[in-house]
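Numbered by my numbering, the letters in the sequence shown go through residues 8 to 166 in order.
Some notes on the structure that comes next.
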Amino acid sequence: MQLQFACPKCGRQHFVEDAEASPRVSCADCGWYREVAAESVQQDNPRRCLVCGCDDLWRQKDFPQHVGLAFVVVGAVLSTIAWAYVRPLWAIGILMAFALVDLLLFVLMPDVLVCYRCRSRHRPGRIAEHFGQFNLETAERYRQQQRRLEQAARASADR
Ligand SMILES: [Zn+2]
Ligand SMILES: [Zn+2]
């Protein structure tokens with residue numbers, strides 16, 4: 008399973024090819040590490056986030072949203088140019104071709120599992136069925152929790 012995460016201590020991005028092969032996830036830059044219990048991984052799928060231990064992960068397409076958006080914009084611009092040169096068939100053809108490629112990319116792209124708490128991305132060979140799509144309520148719960156932690160940290164720093 009591939010693992011992509013930002014170090015919780017120094018914030019650097021890391022990419023681990025066989026995360027389950029090592030008993031710990033670590034940062035080579037600042038020395039942070041976390042033990043990974045063998046039971047955290049089941050059939051190449053994480054049972055919880057390997058970086059922070061959070062139980063909730065959501066499934067999404069492993070496709071950067073801004074790339075998809077840029078792609079649509081390029082298609083629209085090319086289509087507008089064709090339209091300006093009075094080539095309506097070209098204009099429509101270009102739009103349809105770009106929409107089709109966009110759709111294909113979306114269908115062919117593999118899924119990735121993202122942690123609600125630390126946003127680490129886990130890429131197992133095949134994702135188990137039980138993982139659900141992004142849930143706003145769950146995300147909100149983690150956001151609130153994060154805020155309370157930050158407030159508590161600030162309060163204790165003031166004392
Ligand atoms: Zn680090
Ligand atoms: Zn996490």
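Cβ coordinates follow ideal geometry from the N, Cα and C atoms, glycine included.
Quick caveat, the model's predicted, so the values are computed rather than measured.
Check: residue i C-beta below 7 Å from any heavy atom of ligand 2
{"i": "serine 47", "result": "no"}
Check: residue i C-beta below 7 Å from any heavy atom of ligand 1
{"i": "aspartate 118", "result": "no"}
Whether residue i touches residue j by CB criterion (8 Å)
{"i": "valine 121", "j": "arginine 130", "result": "no"}
{"i": "cysteine 34", "j": "cysteine 56", "result": "no"}
{"i": "serine 47", "j": "arginine 54", "result": "yes"}
Per-residue burial, residue i [other beta carbons within 10 Å of its own, 16 or more giving buried]
{"i": "alanine 52", "result": "Per the sequence shown, the amino acid found at residue 52 is asparagine instead of alanine. Counting Cβ neighbours within 10 Å, asparagine 52 comes out buried, since at least 16 surround it."}
{"i": "phenylalanine 22", "result": "exposed"}
Chain B within 8 Å of residue i, Cβ atoms only
{"i": "leucine 120", "result": "The chain labelled as chain B is not found in the depicted structure, where only one protein chain is given."}
Legend entry - Segment contact, 8 Å Cβ cut-off, at least three pairs: the stretch 81-90 with the stretch 99-106: yes
Inset, instruction - Mind listing which residues have their beta carbon within less than 5 Å of any non-hydrogen atom of ligand 1? Chain order is fine. - result: Cys14, Lys16, Cys17, Cys34, Asp36, Cys37 and Trp39
Legend entry - Residue list, Cβ distance to ligand 2 heavy atoms smaller than 6 Å: Cys56, Val58, Cys59, Cys61, Cys122, Arg124, Cys125 and Ser127
Inset, instruction - Would you be able to state if there are at least three C-beta pairs under 8 Å between the stretch 136-150 and the stretch 59-77? - result: yes
Inset, instruction - Assess, as a yes-or-no matter, whether the stretch 66-75 is touched by the stretch 139-146 under the definition of 3 or more beta carbon pairs within less than 8 Å. - result: yes
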